[in-house]
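>
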Amino acid sequence: MCNHPLLNASVHGREAISSARSSSRMLSRTTHISGAPPPYSVASSTPNADDEKAALAQAATKEDAPDILHFLDHRHDSISSLSLRYGVPAHALRRSNNITSDHLLLGRRTVLIPGEYYRGGVSLSPRPIEGEDEELRKGKIRRFMTSCKVSDYDIAVLYLEQSSYDLENAVTAYLDDETWEQENPASGKGKKADKYKNRGPFWRGL
Numbered sequence: 001m002c003n004h005p006l007l008n009a010s011v012h013g014r015e016a017i018s019s020a021r022s023s024s025r026m027l028s029r030t031t032h033i034s035g036a037p038p039p040y041s042v043a044s045s046t047p048n049a050d051d052e053k054a055a056l057a058q059a060a061t062k063e064d065a066p067d068i069l070h071f072l073d074h075r076h077d078s079i080s081s082l083s084l085r086y087g088v089p090a091h092a093l094r095r096s097n098n099i100t101s102d103h104l105l106l107g108r109r110t111v112l113i114p115g116e117y118y119r120g121g122v123s124l125s126p127r128p129i130e131g132e133d134e135e136l137r138k139g140k141i142r143r144f145m146t147s148c149k150v151s152d153y154d155i156a157v158l159y160l161e162q163s164s165y166d167l168e169n170a171v172t173a174y175l176d177d178e179t180w181e182q183e184n185p186a187s188g189k190g191k192k193a194d195k196y197k198n199r200g201p202f203w204r205g206l
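Numbered per the UniProt record's numbering, the sequence shown spans residues 1 to 206.
What follows is the structure in structure tokens.
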């Protein structure tokens with residue numbers, strides 16, 4: 001190996017330059033890597049917990065929607081019209097109200113609008129069409145006819161009007177008359193005939 005001073009200095013100089021260049025390249029590469037933007041990653045497919053809770057709360061609200069009571073106006077209401085007004089399928093209305101044929105709706109005073117389909121929460125007919133007082137009056141007439149086993153509407157109206165629509169007094173008066181007629185069969189017919197004669201024109205509307 002040559003130990004000439006000038007040659008050794010030249011060799012050491014080249015080694016120093018080479019080492020400096022290597023260090024510069026490594027520093028540049030490190031700077032480039034550290035300053036690079038984060039790598040692109042595909043969004044996680046795992047659903048957000050808050051979104052899941054919101055979805056469950058919404059589903060629970062839908063399940064808990066109550067059925068709505070609709071008082072019927074037979075001049076206008078039908079299965080088809082109610083289906084359109086509430087946005088409820090006709091078959092769902094029939095099922096919720098146990099209606100096997102549409103004409104049976106005429107025998108109903110109210111129907112249930114299933115909350116499963118209608119989530120408005122507001123009835124389009126929340127009260128009896130004829131008013132609450134009239135509904136109470138007719139209810140007493142029906143109860144009188146049931147309690148006394150009377151099929152004649154006019155007789156029920158007669159006794160209730162004479163008792164100022166006090167149902168208990170009307171039923172008691174009717175049963176007393178029935179008892180008296182059974183005990184006095186000969187004159188009972190005349191008494192009942194006089195009662196009906198004083199009735200005057202009957203109002204029908206049950």
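Using N, Cα and C, we set each Cβ at its ideal position, and we do this for glycine too.
1. Nearest by alpha-carbon distance to His70: which of Ala173, Gly121 and Glu161 is it?
2. Which same chain residues, not among the five before or five after Ser96, have their C-beta less than 6 angstroms away from its C-beta?
3. Can you tell me whether DSSP reads Ile113 as helix, strand or coil?
4. To the nearest angstrom, how far is the alpha carbon of Ser163 from that of Arg109?
5. Nearest-angstrom Cα distance between Leu124 and Pro66?
6. Report the residue ranges of all alpha helix (DSSP H) runs contained in full by the segment 132–161; include only those spanning at least 4 residues, in chain order.
7. Express the C-alpha separation of Leu72 and Ile99 in angstroms, rounding to a whole number.
8. Evaluate contact between the segment 167–176 and the segment 140–158, counting only Cβ atoms and requiring at least three cross-stretch pairs below 8 angstroms.
9. In three-state terms, what does DSSP make of Ile68?
10. Tell me the DSSP secondary structure of Thr100 in three-state form.
11. Given a cut-off of 8 angstroms, decide if Leu104 and Ser78 are closer than it, judged by their beta-carbon atoms.
12. Report the option in Pro126, Lys138 and Ser80 whose CA atom is closest to the CA atom of Ile68.
13. Using beta-carbon positions only, say whether residue 267 and Pro89 come within less than 8 angstroms of one another.
14. Rounded to whole angstroms, how far is the Cβ of Tyr159 from the Cβ of Ala173, which I believe are closer than 8 angstroms?
15. Tell me which residues share the same chain as Thr179 and place their Cβ nearer than 6 angstroms to its Cβ, disregarding the 5 neighbours each side in the sequence.
16. Could you check what DSSP says for Asn184 in three-state terms: helix, strand or coil?
17. Among Glu116, Pro185, Ala156 and His74, which residue has its Cα nearest to the Cα of Arg142?
According to the structure data:
1. Gly121
2. Leu112 and Pro114
3. Strand.
4. A direct Cα-to-Cα measurement between Ser163 and Arg109 gives close to 26 angstroms.
5. 15 angstroms
6. 132–148
7. 14 angstroms
8. Contact check between the segment 167–176 and the segment 140–158: three or more CB pairs, one atom from each, fall below 8 angstroms, which counts as touching.
9. strand
10. DSSP places Thr100 in coil when its eight states are reduced to three.
11. no
12. Pro126
13. What is shown of the chain runs 1 to 206, which leaves residue 267 out entirely.
14. 6 angstroms
15. Cβ within range, chain order: n/a, list empty.
16. coil
17. Ala156
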